[in-house]
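All remarks here apply to the structure that follows.
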Amino acid sequence: MRLLFILFFVLLSSQYKSQLVFSTYKHDFGEVSGLTDRFVDVILTNKGKKNEYILSVKKPANVVYLVNGQFLEPDSSLMIRLQVNPTIKGRFNYEVQIYTSDRDEATVIKLTGNLTNTSEKINPFQACPDFNTSPSKKSNAT
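Counting from 1 along the sequence shown, just add 395 to a position and that's the residue number in this note's numbering.
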């Protein structure tokens, strides 16, 4: 009986552990050149009943990001804008780790694509566009 109670408690507590929901976990930019949009918006929504936070974002050097907040109240959302700045022609595959207060492990967002034209140079230090700019309608997120 005691073992059953412990198992029930563990299952119940793990069910409520992750409160933040990510709108996507991967995005394929497809064919990319220096003139195309290279950013995607990831929306985090707090489905829980307590406040949550973005603790940190770990990213490769060729990825920049912008966040419109760090703090999520219950039933609220915020946006993380991720932009890739590949410099070598060919396929790219980047992983961004987002640490939040509701999880012990990072949530990984995978960004892929293919840089086809290097005649329009991409500045690897180019800042992310502000939130007044909308990404193109082409979406390959899942």
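Yeah, the Cβ is synthetic: ideal placement off N, Cα and C, and Gly gets one too. Predicted model only: the values in this text are computed from it and were never measured.
In this structure the region 505-513 lies against the region 425-433, because at least three pairs of beta carbons, one per stretch, are closer than 8 Å.
Here DSSP, grouped into helix, strand and coil, assigns LYS516 to coil. The C-alpha of ARG476 lies about 5 Å from the C-alpha of TYR460. TYR489 and LYS445 have their alpha carbons spaced roughly 31 Å apart.
Restricting attention to beta strand (DSSP E) runs no shorter than 3 residues, the region 402-489 encloses them at 415-417, 421-427, 434-441, 447-453, 458-462 and 472-479, ordered along the chain.
Within the same chain, Cβ atoms closer than 7 Å to the Cβ of GLU447 are found at GLN414, LEU415, ASN441, LEU467, THR495, SER496 and ASP497, the five residues on either side in sequence being excluded. Following the DSSP letters along the chain, one finds ASN509 inside the beta strand (DSSP E) bounded by residues 502-510. In the three-state scheme derived from DSSP, where H, G and I count as helix and E and B as strand, GLN521 is classed as coil. When the Cα atoms are used, ASN480 and ASN457 turn out to be separated by approximately 5 Å.
Inclusion of SER451 and VAL437 in the CB contact set at 7 Å is not warranted, their separation being larger than that value. In the displayed model, THR495 falls within a strand according to three-state DSSP. The beta carbon of LYS505 is closer than 6 Å to those of LYS421 and GLU490 in its chain, skipping five residues each way along the sequence.
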